[in-house]
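Note that the protein sequences, when read in sequence, are chains A and B.
Under my numbering, the first residue of the first sequence is numbered 366, with each subsequent residue one higher.
Under my numbering, the first residue of the second sequence is numbered -9, with each subsequent residue one higher.
The structure under discussion appears below in the form of structure tokens.
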Amino acid sequence: MIHLQNIHKSYPSDADSGLVLGFEDWRVARGGQVALIGESGSGKTTLLNLLSGLVQPDSGIVSIDGTDLAQLSEAQRDRFRADHIGYVFQSFHLLDGYSVKENVELGAVFAKGHPQPGRAVELLEAVGLGHRLQHMPRQLSVGQQARVAFARALMNRPKLLLADEPTGALDYENGKQVLAMLLQTARESNITVVCATHDMEVAAAFESTVRVEDLQ
Amino acid sequence: MRLHTMVLRNLKRRQLASILTGLSVSLGVGLFATVGALREASEQGFNRSASICDMLVGAKGSGLQLTLNALYHMGQSQGNVPYAVYEEIAATPGVLWSVPLAVGDSFRGQRIVGVTSNLFSDVHLGGANLAEPLAFADGGPFAYSRAEFAELKSELGQAAAEHSSEAAHVDHDHNAHLKSMFKAVVGADVARNTGLMVGSKFTPAHGVEGVGGGGHQEAETEVVGVLEPTGTPLDRAILIPIGAYYVIAGHEATADMVAGGTRDPRGLSAVMLSTKAGFYRTRIFRSLNDRLDAQAVYPSQEVRKLFSIIGQGDMVLRLITALIVVVALVGVMVAIYNTMGARRREFAILRALGARRSTILGLVTGESAVIALLGGVVGLGLAGVLIYAVTDQVHAATGVRVTVVPGAAELQLLAAVTLAGAVAGLIPALSAYRTEAAYYLSSNI
Ligand SMILES: Nc1ncnc2c1ncn2[C@@H]1O[C@H](COP(=O)(O)OP(=O)(O)OP(=O)(O)O)[C@@H](O)[C@H]1O
Ligand SMILES: [Mg+2]
Chain A
366 MIHLQNIHKS YPSDADSGLV LGFEDWRVAR GGQVALIGES GSGKTTLLNL
416 LSGLVQPDSG IVSIDGTDLA QLSEAQRDRF RADHIGYVFQ SFHLLDGYSV
466 KENVELGAVF AKGHPQPGRA VELLEAVGLG HRLQHMPRQL SVGQQARVAF
516 ARALMNRPKL LLADEPTGAL DYENGKQVLA MLLQTARESN ITVVCATHDM
566 EVAAAFESTV RVEDLQ
Chain B
-9 MRLHTMVLRN LKRRQLASIL TGLSVSLGVG LFATVGALRE ASEQGFNRSA
41 SICDMLVGAK GSGLQLTLNA LYHMGQSQGN VPYAVYEEIA ATPGVLWSVP
91 LAVGDSFRGQ RIVGVTSNLF SDVHLGGANL AEPLAFADGG PFAYSRAEFA
141 ELKSELGQAA AEHSSEAAHV DHDHNAHLKS MFKAVVGADV ARNTGLMVGS
191 KFTPAHGVEG VGGGGHQEAE TEVVGVLEPT GTPLDRAILI PIGAYYVIAG
241 HEATADMVAG GTRDPRGLSA VMLSTKAGFY RTRIFRSLND RLDAQAVYPS
291 QEVRKLFSII GQGDMVLRLI TALIVVVALV GVMVAIYNTM GARRREFAIL
341 RALGARRSTI LGLVTGESAV IALLGGVVGL GLAGVLIYAV TDQVHAATGV
391 RVTVVPGAAE LQLLAAVTLA GAVAGLIPAL SAYRTEAAYY LSSNI
């Protein structure tokens, strides 16, 4: 599903060498669930952005489900992301101007096959927010926001779900619930999951754990 | 959810700024459209007036001044055309009708025009296709034919010859029948402005525009008819039998006035005429202009010349109103640009959800285009209200009903304003376009 080869990624502004990521080969099988751990600043977020196509490597191949993202134009990468990738952020990044239901709908607005009437409501009911459809994100608790972000990431029926410290802002109980929900849904729908985290307990819930530093 | 929903949502979130900037666009568009519509109306109105007759004949000089003075009752007469010219015109084949004009007197600022009464049946408004005969709101025309005028002229000619340098003063008491000439038909505006109505009596004053001398006390005139509004300068005219002009004291010939010249007070101010179309008209026009004592002009051409002159001032006015629209659109641009900083995170999130850069560009240009479009629609509504408010005055002044219904020109204006709005939005939109998604996603602002 995921195949990275000879990846080099550096940020020109970095004082030292500037190299953030540099490794030869990394694969994740379809339906695999990988926890990405590493020191702060080790490049976890950068790696997720490479997988989503938001950031391009200096060199190397980022192949997702047989598609080499580097071969696509930026617009095509955007379309690929819209169609096949779900993304959950640490601070959830819900859009303030839109209701809970609309935020979830935005997960598929740019994808092929949109609109999918009823799917947003279904997803919100599944995460226990069926009664909060018309609320605005700021009217929700942080735990509820996490569920909305999760529902939004699933809206386009992604093949690959990327999560950047999805439990980082949550208390212990909420974190466990959201994580369990995420992993179970992914398993049921055969979605490949890559999740960056600091938390070893979170990492332990995944099939496998990869330390970014070890990739290098 | 569609893109336009997102555009409208963003505008609603910044309601106050959207409304204020939209209103400033409305103001500009409203003024622009109003100025355009009124200018259109005034030109149409002038053309409608020019269609009263095909040709005007007067003393040599400026054709425009002749037209303005004889047809629009503006400015001063350039001098007279000999009576004989009128006689010849009336006898020329191809001339459908002709009316001699005498001007120079007024009543309370309203100009008095001496005419023969065939004017009431021969003049049609709105050009050949739309011919509307003159209609009376009250009363009816006076009767004063060309034959009566011709008779009076020959009488006066003899009198002048007999009395020589002694003024050719017609003794009113001994010419009681002349009293029947002191009848008037007044235009709709005159009736409204002076209160003259059928049966009213008034005394003409010598001169026009208030600079004239005293009144012609002996010439008390009775109103016999009031015209319906025509939307032409006829509305501002007091029409009297042209013969009356020649028997009112002060209009007599004096010795130093060379008979037959343009200073000859026994001449005519101008002659209006209509001809058969085509060959006749051109030939009559040429032969009149070959004369040394007269010129002929086509009023419609003079009006066109006038509007090409006015057009430049009008252009300045249009430019100023267009500039107001431009300034308003710059306001829209600045208002949107100021939100860019706070919206980077939003653009980044949309990118992460799969939006293209071009979609972000479209979102922002869409916002300014929608403000411009809505502003434009409200502006046209505003123009409609403004025009509606003055439509009666404009109709009275020009005879043209200004349309409030949006036509092709208004739709074009709307399209142009919307496009300009989108262009104004391009500057903030390009800044949005350049947003690096990954950078703004990792920050928590
Ligand atoms: N846009 C950028 N420009 C320049 N340098 C960057 C940029 N983004 C990340 N970096 C640098 O790249 C390195 C890796 O950053 P990244 O965000 O991937 O780390 P991370 O493992 O996600 O850290 P954390 O656990 O704190 O989130 C850091 O040294 C960071 O300073
Ligand atoms: Mg990170």
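A virtual CB, placed ideally from N, CA and C, is assigned to each residue, including glycine.
Classification of residue i by the beta-carbon crowding that lies within 10 angstroms, buried from 16 upward
i: K466 (chain A); result: buried
i: K477 (chain A); result: exposed
i: E487 (chain A); result: exposed
i: Y62 (chain B); result: buried
i: S144 (chain B); result: exposed
i: A105 (chain B); result: Per the sequence presented here, residue 105 (chain B) reads as Val, with Ala not at that position. Counting Cβ neighbours within 10 Å, V105 (chain B) comes out buried, since at least 16 surround it.
i: Q549 (chain A); result: exposed
i: Q436 (chain A); result: exposed
i: A398 (chain B); result: exposed
i: I310 (chain B); result: exposed
i: A92 (chain B); result: buried
i: S407 (chain A); result: buried
i: K2 (chain B); result: exposed
i: H(-6) (chain B); result: exposed
i: S155 (chain B); result: Here the model assigns S155 (chain B) a pLDDT of 45, short of 50, so the residue's position is not dependable, and the following value carries that caveat. By the 10 Å Cβ count, S155 (chain B) comes out exposed.
i: I377 (chain B); result: buried
i: T425 (chain B); result: buried
Interface residues of chain B facing residue i [CB-CB closer than 7 Å]
i: V420 (chain A); result: A428
i: A516 (chain A); result: Ordered by position in chain B, no residue passes the 7 Å Cβ test against A516 (chain A), which lies about 13 Å from the chain.
i: S554 (chain A); result: Chain B residues near S554 (chain A): none, gap ~19 Å exceeds 7 Å.
i: N414 (chain A); result: A428
Under 9 Å from the C-beta of residue i: neighbouring residues of chain B
i: E439 (chain A); result: R346 and R347
i: A476 (chain A); result: L343 and G344
Residue j beta carbon less than 8 Å from that of residue i
i: G20 (chain B); j: L409 (chain B); result: no
i: V575 (chain A); j: L401 (chain A); result: yes
i: L124 (chain B); j: T211 (chain B); result: no
i: F126 (chain B); j: G215 (chain B); result: yes
i: R444 (chain A); j: G472 (chain A); result: no
i: G396 (chain A); j: N555 (chain A); result: yes
i: G356 (chain B); j: V(-3) (chain B); result: yes
i: M361 (chain B); j: V407 (chain B); result: According to the sequence as given, residue 361 (chain B) is Ile; it is not Met. Going by C-beta atoms, I361 (chain B) is not nearer than 8 Å to V407 (chain B).
i: L403 (chain B); j: G12 (chain B); result: no
i: V427 (chain A); j: T411 (chain A); result: no
i: V71 (chain B); j: D280 (chain B); result: no
i: L351 (chain B); j: A412 (chain B); result: no
i: D529 (chain A); j: A561 (chain A); result: yes
i: P502 (chain A); j: Q455 (chain A); result: no
i: V175 (chain B); j: L115 (chain B); result: no
i: T329 (chain B); j: R(-1) (chain B); result: no
i: V261 (chain B); j: S52 (chain B); result: no
i: A447 (chain A); j: S348 (chain B); result: no
i: A551 (chain A); j: L526 (chain A); result: yes
i: C43 (chain B); j: P289 (chain B); result: yes
i: A514 (chain A); j: F475 (chain A); result: no
Proximal residues of chain A, C-beta to C-beta of residue i below 7 Å
i: S432 (chain B); result: T410
i: I339 (chain B); result: H458 and L460
i: R424 (chain B); result: Within 7 Å Cβ-Cβ: nothing; R424 (chain B) doesn't reach chain A, min ~12 Å.
Chain B contact residues for residue i, given Cβ-Cβ distances below 8 Å
i: A447 (chain A); result: L343, G344 and A345
i: Y452 (chain A); result: A342 and L343
i: S417 (chain A); result: A342
i: R444 (chain A); result: G344 and R346
Distance cut-off 7 Å: residue i Cβ against heavy atoms of ligand 4
i: S417 (chain A); result: Ligand 4 is absent from the structure shown, which contains only ligand 1 and ligand 2.
If contact means a Cβ-Cβ distance below 9 Å, which residues of the segment 461 to 474 of chain A contact chain B? D461, G462, Y463, E467, E470, L471, G472, A473 and V474
For ligand 1, list every residue whose C-beta falls under 5 Å from any of its heavy atoms, going in chain order. A:Y376, A:S378, A:V385, A:S405, A:G406, A:S407, A:G408, A:K409, A:T410, A:T411 and B:Y429
Can you pull out the residues from the segment 303 to 335 of chain B whose beta carbon lies closer than 8 Å to at least one beta carbon of chain A? R335
Under 9 Å (Cβ pairs) to chain A, residues found in the segment -2 to 20 of chain B: R(-1), N0, K2 and R3
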